[in-house]
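Number of protein chains: 2
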Amino acid sequence: MELAPLATRQCQDCPIRTRAVCSRCSDDELVALEEIKFYRTYPAGSTIVWAGDAMPFVASVVSGCASLTRSMADGRTQMVGLLLQSDFLGDPSRTEARFDVTAVSNVLLCHFDRERFARLTETNAHVRGRLLEMTLDELDAAREWMLLLGRKTAQEKVASLLVIFARRLGQQTPDGLQFDLPLTREAMANYLGLTLETVSRQVAVLRKTGAIRTQGARHMLVPDLDALLGASGDDDDGDVLA
Amino acid sequence: MELAPLATRQCQDCPIRTRAVCSRCSDDELVALEEIKFYRTYPAGSTIVWAGDAMPFVASVVSGCASLTRSMADGRTQMVGLLLQSDFLGDPSRTEARFDVTAVSNVLLCHFDRERFARLTETNAHVRGRLLEMTLDELDAAREWMLLLGRKTAQEKVASLLVIFARRLGQQTPDGLQFDLPLTREAMANYLGLTLETVSRQVAVLRKTGAIRTQGARHMLVPDLDALLGASGDDDDGDVLA
DNA sequence: CGGCTCCTTGAGAATGGTCAAGCTGCGTGG
DNA sequence: CCACGCAGCTTGACCATTCTCAAGGAGCCG
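Just so you know, the protein sequences line up as chains C and V, in that order.
Residue numbering for the first sequence follows the working numbering, starting at 64 and increasing by one per position.
Residue numbering for the second sequence follows the working numbering, starting at 64 and increasing by one per position.
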């Protein structure tokens, strides 16, 4: 994974160059960003920030998968966002994190000092425009997720999540779309507003009805995405997730 | 309510001048906005846009209350946003509405032609900056709401909603905070991911425990906001709603 | 005084949660 | 190289919260 030492990586070679917050920048704008950026890796399971902590940076996800979660005093927790490659973390104008951010898999972040980044957005229309666009997309995705949380059955919830992963991570094979689940049953439950037992049972049901086939707990094969979509309650493809 | 004929209203006199998307604009920037704005009223219950419709405008809510809802094919619906005074409706870069927008009470909107507004945000840093800020706030609120939908009990959900209204609409009186609910039981249910019967029963429970007093179905008195907050499951005030 | 819409309340059903036991796969250390 | 231990997963039995269906009350307007 470490193609070049992190400290010397150039923006031009960046794998998320075309999709991240910097995607519209010209070469000389990149130079300004390059000056305030720094990379850091987080091992799977580690916490990137705690809700309420000072948030000295914003960042782009270069690789890996991180989750945003919100918890109640008695321990109930809800995942409120999933950050994948090229997604943006943080709010330039907010000094405190509002959610726990956790590395689900090993994560590589491209950080920017928050204050300097905020000042840069004052003058750099490309960054600010792209950030606005990404934020609006995330807002739509969050609202779509509210429909799932408020109105879908356990069966539909699990099917919906599998559809998302099938679309974003799935490899086409003769037998159908194949992928490895990045989340544990517990993390899935936290995303779906269910218990891990219910998730496990509903995966079993989907397997019995033939909507999916499995190899171990994590490896999934979707022979017919439309069948799975049917089980998800999304008639047409009202798309979900940032 | 109609202090001056709508067509002649000046931005300087606007009740939402200090909080809306235009709040940071200088006087000459307002002139540019004034040129592309137009007012329109929507009676309570009417639909402002349907999901999937062309969206030729964006707008600020000058007065009243509107809801964003998302529905499934079989009729299950979930409210995904509530727009109150000074909130912004629409996405300058999106040509189609992604949600049904409905007037809950009589609503007055200050519209801007979407394309011309989008062009204006290219050059006007104050508008774009404020829009980004408002969008990030809404994203936070949507995520807070996901915790409610996914993890709170019916009791906590109803209490949480009443806390929001008490804070945003409540008038302080010797007996406590007083306000009129802008939503029907059904609309509350659609916001909370419950049925209207469950909402009705939980309001009854809150009345019996003394957390609220009522006069008719809609008028509420909250003698002790902290007691209601306790019932909402928010220990400290992890704030909700934009 | 109807005839609405909105709200309340009850009885029974069902979805999903809780508690509990045991399985699987993997890494570590004897 | 095998045994142990642990994290993650599955499955079962039972239970509780919330939903569904149903009937009726309150307030408002014509």
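For every residue, glycine included, the Cβ atom is placed at its ideal position computed from N, Cα and C.
Query, Result
"Under 7 Å by beta carbon: chain V residues contacting glutamine 141/C", "Met209, Leu210, Gly213 and Arg214"
"Own chain residues within Cβ distance below 7 Å of cysteine 88/C, not counting five before or after", "Leu96, His189 and Val190"
"Proximity test, Cβ basis, 9 Å: methionine 135/V and chain C", "yes"
"Own chain, CB closer than 7 Å to leucine 93/V, minus 5 neighbours either side, in chain order", "Cys74 and Cys85"
"Expected contact under 8 Å - CB spacing of isoleucine 62/C and tyrosine 105/C to nearest Å", "What is shown of chain C runs 64 to 305, which leaves residue 62/C out entirely."
"8 Å contact criterion, which leucine 202/C and glutamate 207/V should meet: CB distance rounded", "So it is not a contact: roughly 13 Å between Cβ atoms."
"Within-9 Å CB hit, threonine 277/V to chain C", "no"
"Chain C contact for threonine 236/V (CB, 9 Å cutoff)", "no"
"Reduced DSSP secondary structure (H/G/I, E/B, other) of isoleucine 227/V", "helix"
"Lysine 100/C - containing beta strand (DSSP E), residue span", "100 to 105"
"Delimiting residues of the beta strand (DSSP E) encompassing leucine 163/C", "Checking the sequence, you will find aspartate at residue 163/C rather than leucine. It spans 163 to 166 - the beta strand (DSSP E) in which aspartate 163/C sits, taken as one unbroken run."
"Selected residue, minimal CA-CA separation from arginine 318/C, among Met118/C, Gly108/C, Leu172/C and Gln148/C", "Any answer about residue 318/C is impossible in this case: the structure gives chain C only from 64 up to 305."
"Neighbour list for glycine 293/C in chain V, Cβ cutoff strictly below 8 Å", "Here the premise fails: no neighbours, minimum Cβ distance about 11 Å."
"Same chain, Cβ closer than 6 Å to glycine 293/C, neighbours up to 5 away in sequence not counted", "none"
"Where arginine 72/C falls: helix, strand or coil (DSSP)", "coil"
"Arginine 82/C beta carbon less than 9 Å from that of serine 149/C", "yes"
"3-residue-minimum beta strand (DSSP E) runs that sit fully inside the region 80 to 165 of chain V, ordered along the chain", "100 to 105, 110 to 112, 120 to 126, 129 to 134 and 140 to 146"
"Nonlocal neighbours in the same chain, by C-beta distance under 6 Å from leucine 257/V, ignoring five residues either side", "Ala217"
"Simplified DSSP assignment, three categories, for aspartate 176/C", "strand"
"Rounded Cβ spacing between serine 130/V and valine 167/V (contact assumed at less than 8 Å)", "5 Å"
"For leucine 199/C, the residue or residues it bridges with in DSSP", "Beta-bridge pairing links leucine 199/C to no other residue."
"Opening and closing residue of the alpha helix (DSSP H) in which glycine 293/C lies", "288 to 295"
"Coarse secondary structure for arginine 182/C, derived from DSSP in three states", "helix"
"Stretch-stretch touch, CB-based, cutoff 8 Å, three pairs: the region 118 to 133 of chain V with the region 144 to 162 of chain V", "yes"
"Members of the region 95 to 124 of chain V near chain C, C-beta cut-off 7 Å", "none"
"Contact with chain C by glutamate 159/V, beta-carbon distance below 9 Å", "no"
"Neighbour flag for phenylalanine 180/C against chain V, beta carbons, 9 Å", "no"
"Span separating the alpha-carbon of valine 285/V from that of arginine 177/V", "41 Å"
"Length of the line joining the Cα atoms of alanine 222/C and alanine 160/V", "26 Å"
"Beta-bridge pairing of leucine 240/V - partner residues as DSSP gives them", "Gln235/V and Val285/V"
"Straight-line Cα distance separating asparagine 253/V from glycine 279/V", "21 Å"
"Contacts around isoleucine 79/V, its chain only, beta-carbon distance under 7 Å, and the 5 residues preceding and following it disregarded", "Ser123, Val125, Gln148 and Ser149"
"Three-state secondary structure (DSSP) of leucine 257/C", "coil"
"C-beta atoms of alanine 107/C and asparagine 187/C nearer than 9 Å", "no"
"Chain-order list of residues whose beta-carbon lies under 6 Å from that of leucine 232/V (same chain, five-residue window excluded)", "Phe242"
"8 Å contact criterion, which glycine 296/C and methionine 135/V should meet: CB distance rounded", "6 Å"
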